[in-house]
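Keeping their order, the protein sequence lines are chains A and B. Letter 118 of the first sequence, counting from 1, is numbered 118 in our numbering, and no numbers are missing. Just remember that our numbering sits 152 ahead of the position in the second sequence, which is counted from 1. Yeah, the Cβ is synthetic: ideal placement off N, Cα and C, and Gly gets one too. In what follows, a structure is listed as C-alpha cells, so that the remarks can point back to it.
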Amino acid sequence: MITKRWNWRLWAGFGLSIGALAAYVFWVNETRAVFWPALLLFLAAAVLLVSGLKRRSREPELYRGKIAGPVLTTLSVLIFGLFGFVVYQVLRVFPEAKNAPQIGQRAPGFSLVDANGENLTLAQLLSSPITDSRGGARATKGVLVVFYRGYW
Amino acid sequence: MACASELRGIQRNLSSLEAAGVKAVAISADTNDESRELCRKANLTFPLLSDRKAEVIRSYDLLVPNGSPADSRDISGIAEFLLDASGKVRWRHFGETKAERVVDEAKKL
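As C-alpha cells, then:
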C-alpha cells in the first residue's frame with residue numbers, strides 16, 4: 001500500500017505567485033522598484049512549479065491521480081498574466097518616476113498660474129500663513145502638492 | 153472627469169488639512185481655463201495650477217507622454233507629495249490615494 005505524498009512544491013509555487021502579485025499591488029504606489037522583487041518571486045514560483053510537475057511525472061505512483069499539478073500551474077500562469085496586465089496598466093497611467101523627489105529631499109520649486117491667471121510659487125505657499133474660512137491665520141507647517149492627470 | 157474624484161476628496165478634507173497646518177495645491181498640464189472649469193464644477197477652493205509646458209511635471213519626473221485620452225497631449229501622472237515648511241518631502245505617494253490618509257500624514261508634520 002502506497003501512501004500518496006503531498007507535492008508541496010506545487011502548492012508553494014502557487015502560493016508564491018499569489019504573494020508576488022499581492023506584493024506588487026500593495027507596494028507599487030510607494031515604489032515602482034517593487035517590480036523586480038515581484039518578478040523574482042514569480043521566477044521562484046516557476047522553479048517550484050516545474051520541479052513539482054517533474055516530480056509528479058517521475059514518480060506517478062506517489063502523486064498519480066492528483067489534478068492539483070496542472071490546475072495549480074495553470075492558475076499560476078494566469079496570475080502571472082494578470083501581473084503583466086497590471087504592470088502594463090500601471091506604466092500606462094504612470095511612468096517609473098525614478099527621479100521624482102525622494103523623502104528627505106527638497107522638492108523642486110515652481111512658479112505657475114492658478115485658475116484665475118494669478119501667479120503662485122511654492123516659496124509663497126510655504127512662507128505665507130494659512131487663512132481659514134473664519135478669517136483666522138495660522139502658521140504653515142507644510143504644503144500638499146497633488147499632481148493630477150487633468151480635466152477632460 | 154479624470155482624477156476629479158481625488159481632488160474632491162482633498163476638498164472634503166481641506167479643513168482637516170488646514171487644521172494640521174497644511175495647504176493643498178494641485179498641478180496638471182491643463183490650461184488655466186480648464187482648471188477654472190474644474191474648480192467651478194467640483195467646487196474646489198484650493199489652487200489648481202496650470203503647468204501647460206509640463207516643466208514642473210518633468211522636474212518631478214511625473215510626465216506621461218501622450219497620456220491624454222482626449223487629444224494625446226503630455227500629461228502628469230497622479231502623485232502626492234507632502235512637503236514640510238522647509239520644502240522637504242516628508243511623504244509621497246504615486247497614484248490616487250484617500251484624502252484621509254494624507255490628513256493622517258499631515259498630522260505627523
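Tell whether a beta-carbon distance below 7 Å holds between B:Ala-178 and B:Leu-214.
-> Here residue 178 of chain B refers to the residue found at position 26 when the second sequence is read from its first residue. Here residue 214 of chain B refers to the residue found at position 62 when the second sequence is read from its first residue. Cβ atoms of B:Ala-178 and B:Leu-214: not closer than 7 Å.
With a CB to CB cut of under 8 Å and the five nearest residues on each side skipped, what residues in its chain are close to B:Leu-166?
-> Position 14 of the second sequence, counting from 1, holds the residue named residue 166 of chain B. Only Ala-176, Thr-197 and Phe-198 meet the Cβ criterion.
Close beta carbons around B:Ala-172, own chain, < 8 Å, minus the five adjacent residues each side | Walking along the second sequence from the start, residue 172 of chain B turns up at place 20. For B:Ala-172, where only same-chain residues beyond five positions count, the Cβ hits under 8 Å are Val-255, Ala-258, Lys-259 and Leu-261.
Can you tell me the Cβ-Cβ gap for A:Gly-69 and A:Arg-56, rounded? I've got them flagged as a contact below 8 Å.
-> By one-based count along the first sequence, residue 69 of chain A stands at place 69. By one-based count along the first sequence, residue 56 of chain A stands at place 56. Yes, they are in contact, since the Cβ atoms of A:Gly-69 and A:Arg-56 sit about 5 Å apart, within 8 Å.
With 16 other CB atoms within 10 Å as the buried threshold, where does A:Phe-42 fall?
-> Taking the first residue of the first sequence as position 1, residue 42 of chain A is located at position 42. When all chains shown are included, A:Phe-42 counts as buried.
Are any of the Cβ atoms in chain A nearer than 7 Å to that of B:Arg-164?
-> One-based indexing of the second sequence puts residue 164 of chain B at position 12. So no, B:Arg-164 is outside the interface.
Assigned exposure category for A:Thr-74 - 16 Cβ within 10 Å defines buried = Here residue 74 of chain A is taken as the residue at index 74 of the first sequence, counted from 1. A:Thr-74 should be labelled exposed.
Cβ neighbours of A:Leu-16 in the same chain (closer than 7 Å, five flanking residues each side left out) | Mapped onto the first sequence, residue 16 of chain A falls at position 16. Excluding sequence neighbours, A:Leu-16 sits near Leu-41, Ala-44, Ala-45 and Leu-48.
Start-to-end residues for the alpha helix (DSSP H) that takes in A:Asn-119 = Here residue 119 of chain A is taken as the residue at index 119 of the first sequence, counted from 1. Element bounds for A:Asn-119: not the alpha helix (DSSP H) but the beta strand (DSSP E), 119-121.
Find the nearest neighbour of A:Ser-51 within the set A:Arg-32, A:Tyr-24 and A:Ala-12, judged by alpha-carbon distance.
-> Position 51 of the first sequence holds residue 51 of chain A. Ranking A:Arg-32, A:Tyr-24 and A:Ala-12 by Cα distance to A:Ser-51 puts A:Ala-12 first.
Going by DSSP, name the residue or residues bridged to B:Glu-232.
-> In the second sequence, counting from the first residue as 1, residue 232 of chain B sits at position 80. Per DSSP, A:Val-146 and B:His-245.
Using Cβ-Cβ distances below 8 Å, what residues of the region 229-248 of chain B are close to chain A?
-> Gly-229, Ile-230, Ala-231, Glu-232, Phe-233, Leu-234, Leu-235, Asp-236, Ala-237, Ser-238, Gly-239, Lys-240, Val-241, Arg-242, Trp-243, Arg-244, His-245, Phe-246 and Gly-247
Tell me which same chain residues have a C-beta within less than 8 Å of the C-beta of B:Val-137, skipping the five on either side of it?
-> Only positions 153 to 261 of chain B appear in the structure, and residue 137 of chain B is not among them; the question remains open.
What does B:Glu-186 touch in chain A if you count any residue whose Cβ is under 9 Å from its own?
-> Mapped onto the second sequence, residue 186 of chain B falls at position 34. What B:Glu-186 touches in chain A: Ala-115, Gly-150, Tyr-151 and Trp-152.
Just reading off the beta strand (DSSP E) that B:Val-174 is part of, what are its end residues?
-> To locate residue 174 of chain B, count along the second sequence from 1; it is residue 22. Its beta strand (DSSP E) spans residues 174-180.
Alpha carbon of A:Arg-138 to alpha carbon of B:Gly-229, nearest angstrom | Here the question's residue 138 of chain A lines up with position 138 in the first sequence. Here the question's residue 229 of chain B lines up with position 77 in the second sequence. Whole-angstrom Cα-Cα distance: 32 Å.
Evaluate B:Lys-250 with the Cβ neighbour count: other Cβ atoms within 10 Å of its Cβ, from every protein chain shown; 16 or more gives buried, anything less gives exposed.
-> Start at 1 with the first residue of the second sequence, and residue 250 of chain B comes out as number 98. Its Cβ having fewer than 16 others within 10 Å, B:Lys-250 is exposed.
Counting contacts by CB-CB distance shorter than 7 Å, is A:Gly-89 in contact with chain B?
-> Mapped onto the first sequence, residue 89 of chain A falls at position 89. According to the sequence provided, residue 89 of chain A is Gln. The question's Gly does not apply to it. By this cut-off, A:Gln-89 is not an interface position.
Where do the N-terminal and C-terminal ends of the beta strand (DSSP E) with B:Leu-261 fall, by residue?
-> Taking the first residue of the second sequence as position 1, residue 261 of chain B is located at position 109. No beta strand (DSSP E) holds B:Leu-261; DSSP gives it neither H nor E.
For chain A, is any of its Cβ atoms less than 7 Å away from the one on B:Val-255?
-> Against the second sequence, residue 255 of chain B aligns to sequence position 103. Judged by the 7 Å Cβ criterion, B:Val-255 is not in contact with chain A.
Where do the ends of the alpha helix (DSSP H) carrying B:Leu-190 lie?
-> In the second sequence, the residue the question calls residue 190 of chain B occupies position 38. Counting along the chain, the alpha helix (DSSP H) containing B:Leu-190 begins and ends at 184-194.
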